[in-house]
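> Submitted below is the structure of interest, expressed as structure tokens.
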């Protein structure tokens with residue numbers, strides 16, 4: 031037995047060493063053997079001993095890119111990119127919490143601090159005894175009264191600020207949570223916005239960048255003369271975080287902005303500005319896609335499509351004129367379609383608002399209300415949507431996001447597509463025969 | 137969050153020549169049927185023609201339906217756990233165009249004998265233009281898979297390298313995995329892909345106007361050409377006075393066109409599998 035347990039004993043001893051708990055190896059070996067005699071699986075035996083001697087979970091140092099939901103007692107070394115105060119209501123009690131984004135050399139993550147540690151933007155911190163929970167589908171760092179927060183000297187932690195960056199990344203490959211982003215894009219939309227921050231009003235710049243691979247929104251927390259429309263800029267040490275479900279490039283004090291030597295002309299980004307439909311498998315593995323065009327079959331209409339009522343206060347969908355938040359209300363009529371779009375390579379949920387629903391089912395909302403009241407039931411609209419759309423091919427434009435309810439595209443435009451199947455069949459036959467060697471014909 | 141499985145587009149011909157079913161992970165993880173072109177099917181989407189619906193009534197109501205595409209027939213089973221589908225099937229006219237979203241199933245009564253079927257999730261009545269569109273989409277996607285499998289066979293690569301190459305070539309993660317499994321499991325793929333290509337071309341040709349079949353070499357191993365099928369199809373239409381045509385009558389009438397009994401049976405078989413005719417009662421034929 032000794033041979034088998036030796037590596038395990040060593041593993042346990044090493045793990046315990048990191049916690050200032052010194053335990054004699056012989057004791058560990060003895061207890062481990064005993065557990066194994068009881069036919070406890072080795073992994074469980076290890077866990078049992080660690081728990082016994084470490085008086086709790088083992089603290090682990092983690093990089094932001096590696097954290098996973100449910101982890102506890104982890105130690106993080108990171109720089110605060112931004113932090114904001116938020117008042118939340120916990121069991122009837124108003125309580126301030128702090129939310130923001132932090133970065134290390136592996137990535138960026140959002141965080142929630144449940145206590146006031148006096149953290150400021152730009153601080154470099156060692157935070158111990160954090161835990162990780164999944165928030166809106168992404169792991170998020172949490173810490174509070176049980177955690178310790180230690181300020182480090184920013185000058186000794188250079189790697190947390192800048193990184194030597196080589197090749198720029200195309201926009202389509204940028205993922206939420208990436209830090210030290212190096213990319214080149216042309217600014218196709220830009221506007222200033224005044225917002226209120228913890229430290230008073232501030233002007234930020236919102237815009238949209240494009241290269242030949244994709245379009246992405248960006249936010250700059252600083253003012254820079256290169257940030258003007260139609261400029262091609264090269265940025266380094268920016269980071270990408272999720273904003274309203276979409277990856278968004280964030281530019282801050284630590285980002286360098288230059289006018290790019292390679293200029294992206296309007297011609298270079300032409301296909302991105304007026305996009306052709308992409309196959310669903312090309313986008314559904316991204317964590318969000320901004321302004322894309324997709325095409326597929328409507329293979330299912332989901333419940334909640336058709337005529338619905340919304341709360342006049344918060345626009346939530348009401349049931350029997352009861353809003354989940356505002357109680358009994360007089361709901362406002364609205365039309366929408368939720369359905370499954372599938373092109374054989376991928377699948378997502380699509381949502382059409384009232385205008386687009388009216389367009390694709392060719393009824394005004396007034397007509398829909400009349401139809402529903404004549405039939406004495408609003409579900410008649412859902413049936414009509416089914417009979418008009420099920421199996422049809424639809425082309426949609428909009429933003430794709432990934433959330434709790436799966437992958438969703440909220441349409442900004444939608445249309446039913448008719449094709450000439452005879453021509454298509456003929457073309458396809460020719461295409462296929464093109465690949466068949468002569469002698470086989 | 138569990139992501140929804142994509143609904144694959146495969147022709148009945150390919151679905152029915154698949155016999156590789158696998159399941160990995162715990163009992164909640166999905167089952168997959170891997171087809172020779174690497175479609176890794178948990179869910180599929182079919183648009184075709186209902187040609188037969190039976191209530192098997194063993195213990196509970198159990199409906200078996202046959203739905204034809206231009207290459208063959210899918211078998212659908214709906215029982216007590218698919219009450220909506222069973223209710224739907226109990227009221228469907230034959231023939232009618234229909235779409236089915238469902239899960240792939242297999243039945244293996246003995247080693248080496250595999251029957252594929254579909255357990256329906258959503259069924260609806262549709263029309264010929266949606267069916268035609270499905271045929272075009274399915275043909276295109278099937279042909280794309282054929283080309284990727286050929287590329288995989290040529291590359292002599294395996295597993296992770298192969299998958300990376302396929303994804304680079306435009307395959308989805310699921311398809312790349314399916315192809316890597318398919319080329320390990322199925323033998324004689326080269327020949328099968330040739331056959332499937334011919335089947336796809338023939339399926340597309342059913343969409344072209346009758347008098348306008350471009351003369352492109354279709355190889356049929358059978359001795360009956362498509363022209364025989366057309367004669368029988370025409371006859372069937374002429375003889376049908378509303379209640380279908382007796383097979384014996386069809387054989388008699390076909391003699392005038394110089395067709396033998398065997399040739400008639402062969403053509404009827406082709407027409408049935410092409411979804412052009414069906415047998416409402418034994419010995420009676422009818423055009424769809």
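Protein chains in written order, with the numbering used here: chain A, 31 to 471; chain B, 137 to 424.
Ideal Cβ placement from N, Cα and C applies to all residues, glycine included.
A quick note: this is a predicted structure, and the numbers were derived from the prediction, not measured.
Using three-state DSSP, classify residue 240 (chain B) as helix, strand or coil.
In the second chain, residue 240 (chain B) corresponds to position 104, counting from 1. The answer is strand: DSSP assigns residue 240 (chain B) an E or B state.
> Determine the closest residue to residue 42 (chain A) out of A:83, A:160 and A:392, with distance taken between C-alpha atoms.
As a first step, residue 42 (chain A) is located in the first chain; it is residue number 12 there, counting from the start. For the residues A:83, A:160 and A:392, the minimum Cα distance to residue 42 (chain A) belongs to A:83.
> Against chain B, with Cβ distances strictly below 8 Å, would residue 170 (chain A) count as a contact?
Looking up residue 170 (chain A) in the first chain gives position 140. Chain B contact via Cβ: absent.
> Find the residues of chain A that neighbour residue 345 (chain B), judging by a C-beta separation of less than 8 Å, and give them in chain order.
As a first step, residue 345 (chain B) must be located in the second chain, where it is residue number 209. Under the 8 Å cutoff, chain A gives 452.
> If contact is defined by three or more beta carbon pairs under 8 Å, each pair taking one atom from either stretch, is the stretch 220 to 229 of chain B in contact with the stretch 167 to 182 of chain B?
Contact between the stretch 167 to 182 of chain B and the stretch 220 to 229 of chain B is absent: fewer than 3 CB-CB pairs across the two stretches fall below 8 Å.
> Cα-Cα, which of B:369, B:154 and B:268 is closest to residue 455 (chain A)?
Working through the first chain from its first residue, we reach residue 455 (chain A) at position 425. Per the Cα distances, B:268.
> Just the C-alpha distance for residue 54 (chain A) and residue 159 (chain A), rounded to the nearest angstrom, thanks.
If you number the first chain from 1, residue 54 (chain A) lands on position 24. If you number the first chain from 1, residue 159 (chain A) lands on position 129. Their backbone Cα atoms lie some 26 Å apart in a straight line.
> Measure from the C-beta of residue 63 (chain A) to each C-beta in chain B and report whether the shortest distance is under 8 Å.
If you number the first chain from 1, residue 63 (chain A) lands on position 33. It does not; no Cβ of chain B falls within 8 Å.
> Just reading off the alpha helix (DSSP H) that residue 420 (chain A) is part of, what are its end residues?
If you number the first chain from 1, residue 420 (chain A) lands on position 390. No alpha helix (DSSP H) holds residue 420 (chain A); DSSP gives it neither H nor E.
> Leaving out the 5 sequence neighbours to the left and right, which residues in its chain are closer than 8 Å to residue 386 (chain B) when beta-carbon positions are compared?
Looking up residue 386 (chain B) in the second chain gives position 250. 368, 371, 372, 375, 400, 404 and 421.
> Using the three-state DSSP reduction, which class does residue 116 (chain A) fall into: helix, strand or coil?
Here residue 116 (chain A) is taken as the residue at index 86 of the first chain, counted from 1. It is a strand residue.
> Interface residues of chain A around residue 260 (chain B) at Cβ under 9 Å?
Position 124 of the second chain, counted from the first residue, corresponds to residue 260 (chain B). For the C-beta of residue 260 (chain B), the chain A residues within less than 9 Å are, from N- to C-terminus, 416, 417, 420 and 421.
> By the criterion of Cβ-Cβ separation under 8 Å, what are the contact partners of residue 341 (chain B) in chain A?
The count along the second chain starts at 1 and reaches residue 341 (chain B) at position 205. Within chain A, the residues near residue 341 (chain B) are 455 and 459.
> Determine the direct distance from the alpha carbon of residue 402 (chain B) to that of residue 357 (chain B), and round the result to whole angstroms.
Residue 357 (chain B) sits at position 221 when you count from the first residue of the second chain. Residue 402 (chain B) sits at position 266 when you count from the first residue of the second chain. With a pLDDT of only 41 at residue 357 (chain B), under the threshold of 50, the placement of this residue in the model should not be trusted; the figure read from the coordinates follows. Distance between the alpha carbons of residue 357 (chain B) and residue 402 (chain B): 12 Å.
> Return no unless some Cβ of chain A is closer than 8 Å to the Cβ of residue 291 (chain B).
Against the second chain, residue 291 (chain B) aligns to sequence position 155. Not closer than 8 Å to any Cβ of chain A, the Cβ of residue 291 (chain B) fails to qualify, so no.
> Kindly provide the ranges of any beta strand (DSSP E) runs that are 3 or more residues long and lie completely inside the stretch 233 to 278 of chain A, ordered along the chain.
245 to 250 and 262 to 273
> Tell me which same chain residues have a C-beta within less than 6 Å of the C-beta of residue 156 (chain B), skipping the five on either side of it?
Within the second chain, the letter at position 20 stands for residue 156 (chain B). Annotation for residue 156 (chain B): 170 and 321 place their beta carbon closer than 6 Å to its own, counting only its chain and skipping 5 residues before and after.
> If you reduce the DSSP assignment to three classes, tell me which class residue 188 (chain B) lands in.
Locating residue 188 (chain B) in the second chain gives position 52, counting from the first residue. In the structure shown, residue 188 (chain B) sits in a strand (DSSP, three-state: E or B).
> Any beta-carbon of chain A closer than 8 Å to the one on residue 202 (chain B)?
By 1-based counting over the second chain, the position of residue 202 (chain B) is 66. No, its Cβ sits nowhere closer than 8 Å to a Cβ of chain A.
> Return no unless some Cβ of chain A is closer than 8 Å to the Cβ of residue 277 (chain B).
Here residue 277 (chain B) refers to the residue found at position 141 when the second chain is read from its first residue. Yes, contact with chain A.
> Using DSSP with H/G/I as helix, E/B as strand and the rest coil, what is residue 328 (chain B)?
Position 192 of the second chain, counting from 1, holds the residue named residue 328 (chain B). Of the three classes helix, strand and coil, the one that applies to residue 328 (chain B) here is helix, per DSSP.
> In chain A, what lies closer than 7 Å to residue 183 (chain B) by C-beta?
Taking the second chain and counting its residues from 1, the one referred to as residue 183 (chain B) is at position 47. Neighbours of residue 183 (chain B) on chain A, chain order: 421.
> Give me the chain D residues within the contact set of residue 308 (chain B), using Cβ-Cβ distance strictly less than 7 Å, ordered along the chain.
Although the question refers to chain D, the structure presented lacks it and instead comprises the protein chains A and B.
> For the stretch 330 to 343 of chain A, which residues have a beta carbon sitting closer than 8 Å to at least one beta carbon of chain B?
330
> Taking 8 Å as the threshold (C-beta atoms), are residue 365 (chain A) and residue 337 (chain A) in contact?
Translated into the one-based positions of the first chain, residue 337 (chain A) becomes position 307. Translated into the one-based positions of the first chain, residue 365 (chain A) becomes position 335. Less than 8 Å divides the Cβ of residue 337 (chain A) from the Cβ of residue 365 (chain A).
> Measure from the alpha carbon of residue 270 (chain A) to the alpha carbon of each residue in A:134, A:261, A:400 and A:253, then state which is nearest.
The residue you call residue 270 (chain A) lines up with position 240 of the first chain. It is A:134.
> Can you find a CB in chain A that lies within less than 8 Å of the CB of residue 148 (chain B)?
On the second chain, position 12 is the one that residue 148 (chain B) refers to. Not one chain A Cβ lies under 8 Å of residue 148 (chain B).
> Determine the burial state of residue 353 (chain A): buried for a count of at least 16 other Cβ atoms within 10 Å of its Cβ, exposed for fewer.
By one-based count along the first chain, residue 353 (chain A) stands at place 323. Buried, since its Cβ has 16 or more Cβ neighbours within 10 Å.
> Under 8 Å, with one C-beta from each stretch per pair, do the stretch 238 to 246 of chain A and the stretch 320 to 338 of chain A reach the 3-pair mark?
yes
> Any residues in the stretch 241 to 253 of chain B with a beta carbon nearer than 8 Å to a beta carbon of chain A? Which ones, in chain order?
Here the close residues number zero.
> Kindly confirm or deny that the stretch 292 to 300 of chain A and the stretch 393 to 407 of chain A touch, where touching means at least three C-beta pairs closer than 8 Å.
no
> In its own chain, which residues sit with a C-beta less than 7 Å from the C-beta of residue 452 (chain A), not counting the 5 before and 5 after it?
Counting from one through the first chain, the residue named residue 452 (chain A) turns up at place 422. Answer for residue 452 (chain A): no residue qualifies.
> Report back the beta-carbon spacing between residue 362 (chain A) and residue 342 (chain A) to the nearest angstrom; my notes put them in contact at under 8 Å.
Within the first chain, the letter at position 332 stands for residue 362 (chain A). Within the first chain, the letter at position 312 stands for residue 342 (chain A). About 6 Å; that satisfies the 8 Å criterion.
> Flag residue 224 (chain A) as yes if its beta-carbon sits less than 8 Å from any beta-carbon of chain B, otherwise no.
Here the question's residue 224 (chain A) lines up with position 194 in the first chain. By this cut-off, residue 224 (chain A) is not an interface position.
> Taking 8 Å as the cut-off, does the stretch 227 to 234 of chain A touch the stretch 271 to 281 of chain A (at least 3 CB pairs, one atom from each stretch)?
no
> Our contact map puts residue 260 (chain A) next to residue 217 (chain A) with C-beta atoms below 8 Å; I'd like the distance itself, whole angstroms only.
Taking the first chain and counting its residues from 1, the one referred to as residue 260 (chain A) is at position 230. Taking the first chain and counting its residues from 1, the one referred to as residue 217 (chain A) is at position 187. Yes, residue 260 (chain A) and residue 217 (chain A) are in contact; Cβ-Cβ is about 6 Å, under 8 Å.
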